[in-house]
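Student: Residue numbers for the sequence shown follow my numbering, beginning at 89 and rising by one. Glycine included, every Cβ here is placed at the ideal spot set by N, Cα and C.
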Amino acid sequence: MVLRRIVVGSLQVNCFILADDKTREAVVIDPGNDAPEILRVIREKGLRVKYIVNTHAHFDHVGANEAIKDATGAELLLHEDDAAVLATVSNQSRSFGMHPVSSPAPDRLLKHGDIITAGEVSLKVLHTPGHTPGGISLLEEGLVFTGDSLFAGSIGRTDFPGGDLMTLIRSIKANLMILPDNTKVFAGHGPASTIGDERKENPFLNKDSGFA
Ligand SMILES: [Zn+2]
Ligand SMILES: [Zn+2]
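Okay, here's the thing in structure tokens:
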């Protein structure tokens with residue numbers, strides 16, 4: 089399996105490209121910005137992008153949806169509970185003082201338990217709301233992409249519209265902390281981690297957090 093991380097945009101979102109070695113079919117997770125760089129990697133590796141998946145519909149994660157979709161013909165996938173959030177992206181970016189962002193509407197809406205496949209790549213959709221109503225994590229064998237739900241040593245902000253702290257902690261505990269300790273965590277911003285390290289070190293999730 090091919091796994092590439094590209095850090096995009098001024099908010100430094102981790103865009104991930106996952107592809108099957110044989111078929112070259114690929115999934116692009118959170119193309120938030122810097123479409124030329126993402127497309128350069130796609131061309132260099134000879135990938136055929138089948139799906140663009142947004143872990144959630146904040147502007148910093150969706151800004152290059154349109155350019156990647158236009159260039160590759162990929163389908164855009166988003167959890168059904170974030171469709172309304174996606175409709176607000178231009179306002180979101182303006183409130184951060186950034187250039188207005190736009191995105192095409194999703195081609196298909198995701199639900200908890202859906203499987204996204206591209207060749208041997210198989211991503212299971214885990215609904216992890218709380219940062220946004222339709223935030224998802226994406227589980228492959230031994231690794232999980234957590235968007236802005238779970239970070240190394242932290243969790244996502246819950247002060248944006250639709251955010252809720254207890255919902256986020258509950259959804260992380262129910263869907264992510266049940267994974268084996270050696271599961272690699274690839275978050276939407278910042279460095280990688282493991283479920284075991286977060287179980288021990290994350291101040292929002294360990295047994296001293298007060299949220300247990
Ligand atoms: Zn976010
Ligand atoms: Zn973000």
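Tell me which residue opens and which closes the beta strand (DSSP E) that Thr205 is part of.
Tutor: Reading the sequence shown from its first residue, position 117 is the one you call residue 205. It spans 203-206 - the beta strand (DSSP E) in which Thr205 sits, taken as one unbroken run.
Student: Can you give me the start and stop residues for the beta strand (DSSP E) that His167 sits inside?
Tutor: Here residue 167 is taken as the residue at index 79 of the sequence shown, counted from 1. Here the beta strand (DSSP E) through His167 covers 163-167.
Student: Might you give, ordered along the chain, the residues of its own chain that have their beta carbon closer than 6 Å to the beta carbon of Ser259, omitting 5 neighbours on each side?
Tutor: The residue given as residue 259 occupies position 171 in the sequence shown. Excluding sequence neighbours, Ser259 sits near Thr216, Pro217, Gly218.
Student: Quick one, which of Leu256, Ala171, Val90 has its alpha-carbon nearest His146's?
Tutor: Residue mapping note: residue 146 aligns to position 58 of the sequence shown, counting from 1. Ranking Leu256, Ala171, Val90 by Cα distance to His146 puts Ala171 first.
Student: To the nearest angstrom, report how far apart Ala256 and Ser237 are at their CA atoms.
Tutor: Residue mapping note: residue 256 aligns to position 168 of the sequence shown, counting from 1. Residue mapping note: residue 237 aligns to position 149 of the sequence shown, counting from 1. First, the amino acid is wrong: residue 256 is Leu here, not Ala. Going from the Cα of Leu256 to the Cα of Ser237 covers about 7 Å.
Student: Figure out for me which residue from Asn121, Asp122, Cys103 has the closest Cα to the Cα of Ala114.
Tutor: Position 26 of the sequence shown holds residue 114. If we check each option's Cα against that of Ala114, Cys103 comes out closest.
Student: According to the neighbour-count rule (16 or more other Cβ atoms, all chains shown, within 10 Å of its Cβ), is Gln180 buried or exposed?
Tutor: As a working mapping, residue 180 is identified with position 92 in the sequence shown. It is buried - the Cβ of Gln180 has at least 16 other Cβ atoms within 10 Å.
Student: Locate the alpha helix (DSSP H) running through Glu286, then write down its first and last residues.
Tutor: Within the sequence shown, the letter at position 198 stands for residue 286. Per DSSP, Glu286 belongs to the alpha helix (DSSP H) from 283-289.
Student: For Thr176, report the span of its alpha helix (DSSP H) as first-last.
Tutor: Residue 176 sits at position 88 when you count from the first residue of the sequence shown. Segment: none, Thr176 is in no alpha helix (DSSP H) and carries neither H nor E.
Student: Kindly indicate the opening and closing residues of the alpha helix (DSSP H) around Thr255.
Tutor: Locating residue 255 in the sequence shown gives position 167, counting from the first residue. Segment 253-263, the alpha helix (DSSP H) holding Thr255.
Student: Residues around ligand 3, please: the ones whose beta-carbon is closer than 7 Å to some heavy atom of it, in chain order.
Tutor: For ligand 3, the structure offers nothing, since it holds only ligand 1 and ligand 2.
Student: Are the CB atoms of Val177 and Ile156 within a distance shorter than 9 Å?
Tutor: By one-based count along the sequence shown, residue 156 stands at place 68. By one-based count along the sequence shown, residue 177 stands at place 89. Cβ atoms of Ile156 and Val177: not closer than 9 Å.
Student: Looking at the secondary structure, which residues open and close the beta strand (DSSP E) in which Thr234 lies?
Tutor: Indexing the sequence shown from 1 puts residue 234 at position 146. Taken as a continuous stretch (DSSP letters only), the beta strand (DSSP E) holding Thr234 covers 231-235.
Student: Return yes when the Cβ of Gly207 is within less than 9 Å of the Cβ of Ala123, no when it is not.
Tutor: Working through the sequence shown from its first residue, we reach residue 123 at position 35. Working through the sequence shown from its first residue, we reach residue 207 at position 119. Against a cut-off of 9 Å, the Cβ pair of Gly207 and Ala123 comes out as no contact.
Student: Quick one: is the Cβ of Gly250 within less than 8 Å of any heavy atom of ligand 1?
Tutor: Here the question's residue 250 lines up with position 162 in the sequence shown. Gly250 Cβ: outside cutoff for every heavy atom of ligand 1.
Student: Assuming Val273 is part of the beta strand (DSSP E), what are its boundary residues?
Tutor: Here residue 273 refers to the residue found at position 185 of the sequence shown. Here the beta strand (DSSP E) through Val273 covers 272-275.
Student: Around the Cβ of Thr68, are there at least 16 other Cβ atoms within 10 angstroms (buried) or fewer (exposed)?
Tutor: This structure leaves residue 68 out entirely; the chain is present only between 89 and 300.
Student: With a threshold of 8 Å (Cβ to nearest heavy atom), would His187 be considered close to ligand 1?
Tutor: Working through the sequence shown from its first residue, we reach residue 187 at position 99. Answer for His187: no, Cβ out of range of ligand 1.
Student: Three-state secondary structure (DSSP) at Leu127?
Tutor: The residue given as residue 127 occupies position 39 in the sequence shown. DSSP places Leu127 in helix when its eight states are reduced to three.
Student: Is it right to say Pro279 is buried, meaning 16 or more other beta carbons lie within 10 angstroms of its own, or is it exposed?
Tutor: Within the sequence shown, the letter at position 191 stands for residue 279. Flag for Pro279 reads exposed.
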